[in-house]
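One structure below.
2 protein chains.
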Amino acid sequence: MAGKIDAAARAAALKDLKGWQDAEERDAITKTYQFKDFTAAFAWMKAVAQVAERMDHHPEWRNVYRTVEVVLTSHDADGVTQRDVTMAREMDRLAGAQA
Amino acid sequence: MAGKIDAAARAAALKDLKGWQDAEERDAITKTYQFKDFTAAFAWMKAVAQVAERMDHHPEWRNVYRTVEVVLTSHDADGVTQRDVTMAREMDRLAGAQA
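Order-wise, the sequence lines are chains V and Y.
Numbered according to our numbering, the first sequence terminates at residue 131, and the numbering increases by one at each position without gaps.
Numbered according to our numbering, the second sequence terminates at residue 131, and the numbering increases by one at each position without gaps.
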């Protein structure tokens, strides 16, 4: 199991990703997605859920109508790992032009 | 559009529902569901999402692995309406023996 990425790698990853930032008061990264409506938001969540199952790595997320707030962290490593960066990238890819 | 239910109707509805309670600091009702794992939690969310679309009434919900925290309120009525009670009942029905 890979451990936490170091500060430089994390900064580089955040710079590379769009709209992701360090979470407040937690060792995690976060992003809020906005979709056209609930249908679009939940369709995206369904696609992400499949990735989560495949990776065995699950987001913390909160959905209110067309908004989805996501927090990614790796509980086993007690912080942000490469798996979180990979998941973030997949989420952005699946959101495509929608978010 | 139906308005807020009165205190007596709300108390009766909460008594009838299992595990639902008044939300803190908001005019809403809330429940936390626990499922077997993420797959079961998200399968339930998919079923609820279909009901939400059909009712055009959407939950606020937060999923962390096998847990889903739900908050129901009717923004147009600025409080809890019969639609929230109906949605709560549907959620419980769909959760069946799982939650």
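From the three backbone atoms N, C-alpha and C, an ideal C-beta is built for every residue, glycine too.
query	result
Proximity test, Cβ basis, 8 Å: residue 92 of chain Y and chain V	yes
Three-state class that DSSP yields for residue 62 of chain Y in the structure shown	strand
Assigned secondary structure, residue 101 of chain V (DSSP; H/G/I helix, E/B strand, else coil)	strand
Whole-number beta carbon distance between residue 124 of chain V and residue 49 of chain V, since they are thought to touch under 8 Å	6 Å
Nearest-angstrom Cβ-Cβ length linking residue 113 of chain V and residue 61 of chain V, presumed shorter than 8 Å	Not confirmed; about 11 Å, so no contact.
Interface positions of the stretch 107-131 of chain Y facing chain V (Cβ-Cβ less than 8 Å), listed along the chain	none
Interface residues of the stretch 62-88 of chain V facing chain Y [CB-CB below 8 Å]	70, 71, 74, 77, 78, 81, 84, 85
Where residue 57 of chain V falls, given that 16 or more other Cβ within 10 Å makes a residue buried	exposed
Neighbour-count burial assignment, residue 71 of chain V, 16 or more Cβ in a 10 Å radius	exposed
Test item: CB-CB of residue 120 of chain Y and residue 52 of chain Y under 8 Å	yes
Beta-ladder partner(s) of residue 111 of chain V, from DSSP	V:106
Cα-Cα separation between residue 103 of chain Y and residue 83 of chain V, rounded to whole angstroms	26 Å
Cutoff 6 Å; reference residue 63 of chain V; Cβ partners in own chain excluding five residues on either side	51, 52, 102
Through-space distance from residue 55 of chain V to residue 107 of chain V, alpha-carbon basis	15 Å
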